[in-house]
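What follows is one structure encoded as structure tokens, with my remarks underneath.
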Amino acid sequence: MRVATSLQYDRLRDRMSALSGKADSLNNQLATTKRILTPSDDAAGYRALTALKRAGANSDAELTNVNLATSLLDSSSTALASVESQLSRVKAIAISAGSSTLSPDQRVALAAEIDVILEDLVRLANTTDSRGTPLFSGDSVKTPYVITPAGASAADGTVTFTGAGEAGQIPIGDGRTIAATSSGETIFGNIPLKAGGAPGDMFSIVKSLSDKLKTGVPVTDDTVDIQSAMTSVLNAQTSIGARGARLELEKTRLEDLALTRETERSSIEDVDIAATITELKKVMTVLDATQASFGKLTSLNLFNYLR
Amino acid sequence: MTDLLSIGVTGVRAYQTALSTASENISNAATPGYSRRTATIEEFRTTGIAGLGQSTIMAGGGVRIAGVTRAADEFRSAQARTTGSDVARSQASVGWIDRIEGALAGNQLSDRLTTFFASAKNVAADPASTAPRTVFLEDARSLAAGFASTGRALAGAADELAAQGRDMAAQLTDLGNSMVRINQGLTRAAAGSSARAQLLDERDRTLEAMSALVDIDAQFDAFGRATVRAGGVGGAVIADVERSSIVSFVTNASGEAAIAVSNANGMVKVAATGGAMAGLVDGALSIAGARQRLDKIATDFVADMKAWQEGGKTRDGVAGTEIFKVMPDGAAPTEIAVVMTDPAGVAAAIGTEGARGNGNMTKLTELRETAGWERRFDDITTENAALLKTRRAVVDAQSAIHRSAVGARDEMTGVDLDEEAVNLIRFQQAYQASSRVIQVARDILQTIIDIR
């Protein structure tokens, strides 16, 4: 068989460039520690990676939402705890106001204290969250409770609710949502009154106590309605606690998922360093040998011996 | 004694030619497409005219070069050409499929889609705030830019492919012209001449260049003149002894490409199955397919997002208007721009919901699932990637086949320097011996002349 000289060179060149290419790609994998640099490196792997990346981005957004919901629940809880203690105070006043031995001056003093508490309650019900918007306004972003100014057509000092509905629930992943806030209407309103009829709200209950004290109407069993208001607030607190616990679970779940995803991503994408280094060494050795044999082969030439 | 002298002279002449043939081979050892030449040495027979009944016993007339033979094997050459065509086609199409991959993955459209929808979740959590809405609009801009740059990258690839195709067609037309000139040269070149060998080398080189562009069928006549058809045995003639044809590369509106041959008989479409131009036709089809699917995704996205916005309420409680729009009118569907400037305009709420309503954002999450833009885009990317991987494997296999075909051809036609070195020594010795014969003849003649 005739070995054409140019073919001999071409073949060695092709072999060496193939080896260099292999070494280069292995080196790239080691430098980036990634096995999949372009989709065509592993189409199925790339698709799985895209899905993981998508799940990761969704999870990140959901984790942000969980944190936001947690902070909203915390704010609500703090505000409601204050409301509770203020209501306890009102209840104590109502009990002492029931005593028939009170002088008119004492009654007026108690009424004044209740008025201050009422203002405090309104301020608490208008608490704003970290975003600067009211917590208990429901669907709206307006300050939920306003005290009707004196001289307005409505009764003086009446507290009115301006909000409406409930805020949209916050998505926390896989179609699950959570109500991070409750409308003041649910917490402070809709309280069944002892007297029957339409349910009242916390503010009117407290205000009516104050009004009774001011006008000399005997205070008999106002504590029942105040207790109802307290129960409503307490229920809201319980619900917030339960939602907080659920968020805690969701957060753990999202963090666990992130770990699982990382493991999965690594198994798909990451280079087996030891195996790749071994492979690279092998390729380099073969390349060295090819280069050495290239030198030897090409120096073998009959013309060297013709003198 | 004059016979001896002339025998010596023929030897010197013949071996001079043989030596120059060997030198020619050596100097062209690295010339692509050069076929090894062999000087055919034969005995020079003087055909003495003997009279009737006379027997002429004559010594031989020396040696002569019957001709310069060019080592060639039509079958092996044809095999090398065919396998070369196959590789060229696959390589060209791999190049363009790789471009598609670059366009699809390089512009991060998939990531941008994901970021956009993830950001929608934050708007849903806090629809009353401006911050998440601003982020959402920014992500919308990034997404629109992703669509536009992906679309442009594919359109750019399509334009470049068409230009390359036209260049290749012009090149093939030129090669056809050269082939006609070579054929005409072959008509005149004397058999066994080195001019003819050179023309045949040139012919084979031209055929190889042609087959790198398109799969050809070459038929040779007694003179070695080639009739070349593009697209195999049944294809259109692109060059024969008299005239060549004009080859053109044409693309239609949707980006699909075809090769056409036009001559005096009209225009014929070539169904090429090999060569870089066939690879371009494949590539054009792939690019057109990817563009069509991307355009469909973009069109659906813009329309669905418009309907979604219009079905919801902005933070100010009015019906939403479109966020995305194809700009300017009549531009490619991927030329998407964000026309909304006020973050409050994102229609997060639905129906009678207030500023904190996020009913429409929930609808967007549903729409994301049902419309599956991300999935559809990933389908294009991964299908293309899988095709690229398969084609690369095909190129590797075809290259191996081509290498062995070239090896088989070069085994016949290539120059082996060692062999030529041996020939050089052999012819040099023969030359020296022949010149010695002349010297001996002179000495003998001198002896005779010196007789007194």
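Here the protein sequences line up with chains A and B, keeping their order. Going by the numbering used here, the first sequence opens with residue 1, and the numbers climb by one from there. Going by the numbering used here, the second sequence opens with residue 308, and the numbers climb by one from there. Cβ coordinates follow ideal geometry from the N, Cα and C atoms, glycine included.
Chain A beta carbons: is any one of them nearer than 8 Å to that of residue i?
i: T688 of chain B; result: yes
i: L514 of chain B; result: no
i: R663 of chain B; result: yes
i: S362 of chain B; result: Per-residue confidence for S362 of chain B stands at a pLDDT of 48, beneath the threshold of 50, marking its modelled position as unreliable; no derived number is given.
i: T421 of chain B; result: yes
i: D685 of chain B; result: yes
i: V702 of chain B; result: no
i: D429 of chain B; result: Checking the displayed sequence, the identity of residue 429 of chain B turns out to be Asn instead of Asp. True, the Cβ-Cβ gap to chain A drops below 8 Å.
i: S342 of chain B; result: no
i: A728 of chain B; result: yes
i: L695 of chain B; result: yes
i: A435 of chain B; result: yes
Residue i CB to nearest chain B CB: under 8 Å?
i: I170 of chain A; result: yes
i: M1 of chain A; result: yes
i: F303 of chain A; result: yes
i: P39 of chain A; result: yes
i: A4 of chain A; result: yes
i: V286 of chain A; result: no
i: E262 of chain A; result: no
i: D74 of chain A; result: no
i: L102 of chain A; result: no
Measure from the alpha carbon of residue i to the alpha carbon of each residue in the options, then state which is nearest.
i: T457 of chain B; options: B:V575, B:A737, B:F684; result: B:F684
i: V316 of chain B; options: B:G666, B:A737, B:T534, B:I756; result: B:A737
i: A579 of chain B; options: B:G538, B:A728, B:S569; result: B:G538
i: Q8 of chain A; options: A:L30, A:R307, A:D288, A:G295; result: A:G295
i: R2 of chain A; options: B:F734, B:D725, B:F530; result: B:D725
i: L450 of chain B; options: B:F608, B:D723, B:G581; result: B:F608
i: V370 of chain B; options: B:R320, B:R383, B:S426, B:L444; result: B:R320
i: A504 of chain B; options: B:G340, B:A591, B:F454, B:L411; result: B:G340
i: G470 of chain B; options: B:D649, B:I348, B:A748, B:L587; result: Contrary to the premise, residue 470 of chain B reads as Ala rather than Gly in this sequence. Comparing Cα-Cα distances from A470 of chain B to each of B:D649, B:I348, B:A748, B:L587, the minimum goes to B:L587.
i: R448 of chain B; options: B:D723, B:F527, B:D649; result: B:D649
Ignore the nearest five residues each way along the sequence and tell me which others in residue i's own chain have a CB closer than 8 Å to its CB.
i: S59 of chain A; result: G173, L254, L257, A258, R261
i: M247 of chain A; result: The sequence shown places Leu at residue 247 of chain A, rather than the Met named in the question. Answer for L247 of chain A: V66, A69, T70, L73, I172, I178, listed in chain order.
i: A330 of chain B; result: Checking the sequence, you will find Ser at residue 330 of chain B rather than Ala. Correct list, in chain order: L731.
i: N126 of chain A; result: P134, F136, T143, P144, Y145
Would a C-beta distance cut-off of 8 Å place residue i and residue j closer than the cut-off?
i: R663 of chain B; j: D129 of chain A; result: no
i: E408 of chain B; j: S40 of chain A; result: yes
i: G472 of chain B; j: A564 of chain B; result: yes
i: G200 of chain A; j: F161 of chain A; result: no
i: M475 of chain B; j: M584 of chain B; result: yes
i: G562 of chain B; j: R600 of chain B; result: no
i: V122 of chain A; j: V159 of chain A; result: yes
i: A651 of chain B; j: T677 of chain B; result: no
i: E264 of chain A; j: L63 of chain A; result: no
i: L213 of chain A; j: R131 of chain A; result: no
i: G627 of chain B; j: A395 of chain B; result: no
i: R47 of chain A; j: T689 of chain B; result: yes
i: A379 of chain B; j: S342 of chain B; result: yes
i: A715 of chain B; j: Q398 of chain B; result: no
i: F454 of chain B; j: A605 of chain B; result: yes
i: M230 of chain A; j: L87 of chain A; result: yes
Excluding the 5 residues flanking residue i on each side, which residues of the same chain have their C-beta closer than 7 Å to its C-beta?
i: S362 of chain B; result: Low local confidence applies: a pLDDT of 48 at S362 of chain B is under 50, so the model's placement there is unreliable, with the coordinate-based value given in what follows. Excluding sequence neighbours, S362 of chain B sits near nothing in its chain.
i: Q308 of chain A; result: In the structure as shown, chain A begins at 1 and stops at 307. Residue 308 of chain A is therefore absent and cannot be evaluated.
i: L592 of chain B; result: E563
i: V540 of chain B; result: D524
i: K22 of chain A; result: V283
i: Q323 of chain B; result: Y738
i: I364 of chain B; result: With a pLDDT of only 48 at I364 of chain B, under the threshold of 50, the placement of this residue in the model should not be trusted; the figure read from the coordinates follows. Nothing meets the Cβ criterion.
i: G542 of chain B; result: D524, R536, V577
Excluding the 5 residues preceding and the 5 following residue i in the sequence, name in chain order all residues of the same chain whose CB lies nearer than 6 Å to its CB.
i: A502 of chain B; result: A496
i: K194 of chain A; result: V224, D225
i: K576 of chain B; result: A565, A567
i: L124 of chain A; result: A79, S82, V83
Does any C-beta atom of chain E lie closer than 8 Å to the C-beta of residue i?
i: G165 of chain A; result: This model lacks chain E altogether; the protein chains it does include are A and B.
May I ask you to check if the CB of residue i is nearer than 7 Å to at least one heavy atom of the ligand SAM?
i: G369 of chain B; result: No copy of the ligand SAM appears in this structure; indeed no ligand is present at all.
- Item | the segment 405-424 of chain B contacting the segment 719-732 of chain B, beta-carbon criterion three pairs below 8 Å | no
- Message: I'd like to know if the segment 73-82 of chain A and the segment 277-292 of chain A are in contact, where contact means that at least 3 CB-CB pairs between them fall below 8 Å.
- Response: no
- Item | At least three beta-carbon pairs within less than 8 Å, the segment 98-116 of chain A to the segment 208-224 of chain A | yes
- Count the CB pairs spanning the segment 666-673 of chain B and the segment 15-34 of chain A that are closer than 8 Å, and state whether there are at least three. no
- Okay, do the segment 509-516 of chain B and the segment 527-547 of chain B touch, 3+ Cβ pairs below 8 Å being the bar? yes
- Evaluate the contact criterion for the segment 474-494 of chain B versus the segment 543-556 of chain B: three or more CB pairs, one atom per stretch, below 8 Å. yes
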